[in-house]
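These notes concern the structure reproduced below.
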């Protein structure tokens with residue numbers, strides 16, 4: 001409602017003049033006008049202030065004058081003043097508290113619009129001082145006689161929970177929200193459901209906050225038919241979380257939800273589809289299932305006539321539905337034919353669905369349509385269309401020959417990118433149907449010289465090698481790639497190596513020379529470890545047992561299937577349950593891109609949400625201390641103590657004792673949790689640490705931090721310096737956020753044993769680090785960054801900073817492997833579990849120095865070999881704290897300030913971190 005007022009200001013023809021006020025003395029004039037006795041002039045002045053605020057001017061100095069304008073019966077003026085308060089209350093919380101009496105008075109106004117407006121505004125002002133006064137008006141509003149006020153108050157409870165969850169629970173607002181589900185007004189019911197769902201998403205255990213039971217179910221179904229469209233979405237999403245107790249109950253729910261399929265709002269339709277697709281598995285009657293299947297098709301088809309953005313969202317959801325239940329849209333394949341006016345992102349999605357819906361019955365019309373797409377202008381769309389033809393061939397054996405003919409027709413067009421894509425696709429078809437369509441190889445070979453894409457070259461080389469015995473000039477065809485062997489990509493080189501070996505095994509007389517040439521280049525001149533290793537394997541096989549080489553190289557390959565767009569069954573079921581959400585668009589589980597639980601430190605590190613963690617405490621304290629009024633000073637001290645207590649709660653210290661003082665005081669042993677600083681293994685030297693918290697951000701404290709491993713344990717080394725604080729400090733409390741490796745300090749207390757004076761020497765403290773399962777961070781991309789919160793007890797400030805964990809500190813002292821075990825593991829893991837990289841600018845290229853350096857960090861030397869006079873290869877093993885073995889091959893070459901590091905590990909997620917560790921250790 002307030003945003004509509006702002007929109008009216010900006011769009012109304014008569015109000016555009018308010019956005020061109022740039023004269024000098026403007027603020028003074030506005031102040032006078034805001035205090036004018038005439039209501040019309042005050043209203044004009046408020047509009048000018050809102051206009052200035054909208055274009056980015058700082059009008060915060062007018063805060064007291066705008067507060068005076070709150071006392072009006074004009075609803076439009078009140079909306080504008082409330083909009084101003086929401087925008088500036090955060091920057092002036094002490095002044096904003098003066099508006100509380102006005103809010104409380106408006107919350108009791110006779111006009112329900114004003115009552116609702118007051119409650120909504122108080123919920124939007126994210127200032128704890130005002131939040132404390134919100135509880136009583138909010139409680140009254142939840143039982144207000146007017147449903148508009150009740151539905152507004154329901155949403156306000158969710159806002160209150162976001163600001164202060166403990167307060168919302170202690171005041172019993174969650175129970176009041178549950179009571180609103182029984183409200184007689186369906187919109188109030190929907191808002192209560194929306195608020196509870198939002199709160200549940202923030203809670204660690206959302207099922208305890210809100211779960212749809214049998215009694216709640218009947219109330220939601222009763223309200224469903226009578227509320228607005230967006231209210232219906234909230235109710236439907238809540239119903240989707242309910243698990244019916246019987247097939248009859250599932251059928252009853254579906255029957256009540258089915259009318260929503262005819263709704264004009266696409267969000268309502270998709271939410272209804274989600275429930276039906278989920279419940280249809282529970283229905284036993286096949287007739288009912290067929291009837292529901294017929295009902296689902298028309299609304300989904302109708303969505304494809306909407307604007308392109310809605311089409312795209314619908315197509316992403318349909319993609320999941322088709323994988324789960326292809327019969328729903330089996331007869332509507334023509335609906336997914338691309339139109340010329342469709343944007344490219346819609347066309348690409350339609351291609352995916354066309355392939356999934358293709359059957360032997362409709363294959364002819366699908367292929368004709370795909371053939372038509374392959375002649376369009378957009379290159380990416382053309383390539384995807386050609387690939388779709390190949391996927392249809394792999395999927396439908398009876399239609400494979402028809403697909404081959406379509407691809408041959410496309411090759412005849414002589415369009416370069418079409419020809420190359422067709423050759424790639426045909427190579428897949430050959431793998432799916434070996435020895436069936438080799439008659440077309442001659443046509444493919446005619447286009448050999450036009451190939452310039454690596455994937456197309458690799459596909460053509462594979463075809464030549466696979467059918468070398470049937471191609472008379474196979475050796476000549478392969479020789480065309482020999483001159484540029486060193487310049488080709490790794491895929492082309494690997495295919496050329498394998499193809500020449502196949503040619504030699506099938507026709508040894510004329511292929512020996514080319515085979516030896518390729519093997520020589522692969523083993524002696526190549527920098528690629530995969531190519532080199534494969535070359536050595538082939539060479540040794542051929543030189544020791546040619547028959548064994550035939551059995552290995554020319555063995556029957558497994559038949560391929562098209563699973564390029566298929567999802568795992570468990571993931572598919574999860575995404576179907578999340579139809580009509582972002583998860584169904586990304587095709588990823590919600591945990592992959594959003595964190596649903598509230599983590600205090602995580603919220604505290606957001607720049608845009610500082611209020612949640614009390615980061616404004618120092619500013620508030622300064623204001624209170626500067627006040628001449630004794631009552632204000634007393635209130636400021638009380639508030640400061642309260643904020644310190646809140647900060648401790650947010651850090652999760654619970655009942656642990658954290659002394660105030662200036663570094664002295666009793667209870668040091670308790671604070672240290674039984675650890676004595678000297679026994680923690682703190683190094684005598686003061687080597688520079690990697691992460692720094694600057695004094696400007698930490699009230700005079702400068703902190704350097706880094707992780708290290710000593711005596712079989714991990715430590716966080718901290719260097720404390722008092723750069724500019726007049727208050728001495730020596731006691732701190734520390735906590736980690738949840739992280740990839742579940743690391744946490746063994747104790748929250750840090751006692752330096754001395755008070756750091758301003759400008760004095762720095763003091764180092766080493767915090768022992770332990771692993772705690774509850775600190776793990778599932779569903780988040782693995783990373784090496786640890787978020788740390790540090791509370792300076794003397795000052796009362798909480799600071800947040802990040803420390804990058806060197807991965808090598810996780811390498812344990814038990815990581816040395818024996819030679820035989822190393823060799824067996826290296827072979828078992830193979831290239832599929834490996835990753836290679838080249839490191840330049842090394843600390844040393846001498847193997848002895850490298851061995852000594854790596855063993856200092858629990859990377860143990862296994863063996864060294866010299867495959868060439870100017871080459872040295874070292875093999876190393878290490879083991880992480882999680883039990884993952886990391887095997888390494890490091891190759892040095894004389895005259896090169898670089899080395900090649902080839903790592904292998906069963907846990908593929910470890911490899912990037914391990915490479916980062918080797919780089920930090922070996923590179924200057």
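In full-length UniProt numbering, the protein residues as written are 1 to 924. Using N, Cα and C, we set each Cβ at its ideal position, and we do this for glycine too. Only a predicted model underlies this, so the values are computations on that prediction, with no experimental measurement involved.
Residue 860 places its beta carbon 8 Å or farther from that of residue 792. Looking at the DSSP output, residue 874 bridges to 864, 890. When the Cα atoms are used, residue 170 and residue 119 turn out to be separated by approximately 19 Å. Here the alpha carbons of residue 117 and residue 179 stand approximately 22 Å from one another. Around the Cβ of residue 532, a 10 Å sphere holds 16 or more other Cβ atoms; the residue is buried. Contact annotation, residue 911 with residue 876: C-beta distance approximately 14 Å; criterion of less than 8 Å not satisfied. DSSP places residue 772 in the coil class of the three-state scheme, outside both helix and strand. Between residue 289 and residue 280 a beta carbon distance of about 6 Å is seen, short of the 8 Å cut, so the two are scored as contacting. When the beta-carbon positions are compared, residue 400 and residue 433 come within less than 8 Å of each other.
Looking at the DSSP output, residue 846 sits in no beta bridge, so it has no partner there. Taking C-alpha positions only, residue 871 is separated from residue 487 by approximately 23 Å. Sequence-distant Cβ neighbours of residue 190 in its own chain, meaning closer than 6 Å and more than five residues away, are 227, 231, 234, 235. By the Cβ rule, the region 242 to 255 does not count as touching the region 194 to 201, because fewer than three pairs are nearer than 8 Å. Per DSSP, the beta-bridge partners of residue 707 are 716. Rounded to whole angstroms, the Cβ separation of residue 549 and residue 505 is 6 Å, and the two are in contact under 8 Å. Here residue 878 has 811, 815, 858, 859, 860, 886 as same chain residues with Cβ atoms under 7 Å from its own Cβ, once five neighbours each way along the sequence are excluded. Excluding the 5 residues flanking it on each side, residue 322 has same chain C-beta neighbours closer than 8 Å at 328, 329, 353, 356, 357, in chain order. Between residue 584 and residue 316 a beta carbon distance of about 6 Å is seen, short of the 8 Å cut, so the two are scored as contacting. Between residue 415 and residue 389 a beta carbon distance of about 15 Å is seen, past the 8 Å cut, so the two are scored as non-contacting.
For residue 508, the uninterrupted alpha helix (DSSP H) segment begins and ends at 508 to 520. Three or more beta-carbon pairs drawn from the region 28 to 47 and the region 62 to 71 are found closer than 8 Å, and the two stretches are therefore classed as touching.
Unbroken beta strand (DSSP E) runs of no fewer than 3 residues, entirely contained in the region 738 to 791, are found at 743 to 745, 749 to 756, 763 to 771, following chain order. In the assembly as shown, residue 841 is an exposed residue. Its beta-carbon has fewer than 16 other beta-carbons within 10 Å. Scanning the region 791 to 858 from its first residue to its last, the whole alpha helix (DSSP H) runs of 4-plus residues come out as 819 to 829, 847 to 855.
In terms of Cα proximity to residue 27, the closest of 40, 46, 38 is 46. For residue 904, the enclosing beta strand (DSSP E) has its first and last residue at 898 to 905.
Of the residues assessed, residue 373 falls on the buried side of the cut-off, its CB having 16 or more other CB atoms within 10 angstroms. Annotation: residue 739 to residue 560 spans about 39 Å, alpha carbon to alpha carbon. Within its own chain, the residues whose Cβ lies closer than 6 Å to the Cβ of residue 223, once the five positions on either side in sequence are excluded, are 186, 189, listed in chain order. Between residue 163 and residue 126, the C-beta spacing is below 8 Å.
With fewer than 16 neighbouring CB atoms inside 10 Å of its own CB, residue 443 falls in the exposed class. 8 Å or more divides the Cβ of residue 503 from the Cβ of residue 535. If the five residues before and after residue 177 are omitted, its C-beta is found closer than 7 Å to the C-beta atoms of 154, 157, 192, 195, 196, all from its own chain and listed in chain order.
In this structure, residue 844 and residue 850 form a Cβ contact; the two beta carbons are roughly 6 Å apart against a cut-off of 8 Å. Considered as a whole, the region 20 to 60 harbours 26 to 34, 39 to 54 as its complete alpha helix (DSSP H) runs of no fewer than 4 residues, in chain order. For residue 80, the closest of 95, 114, 93 by C-alpha to C-alpha distance is 114.
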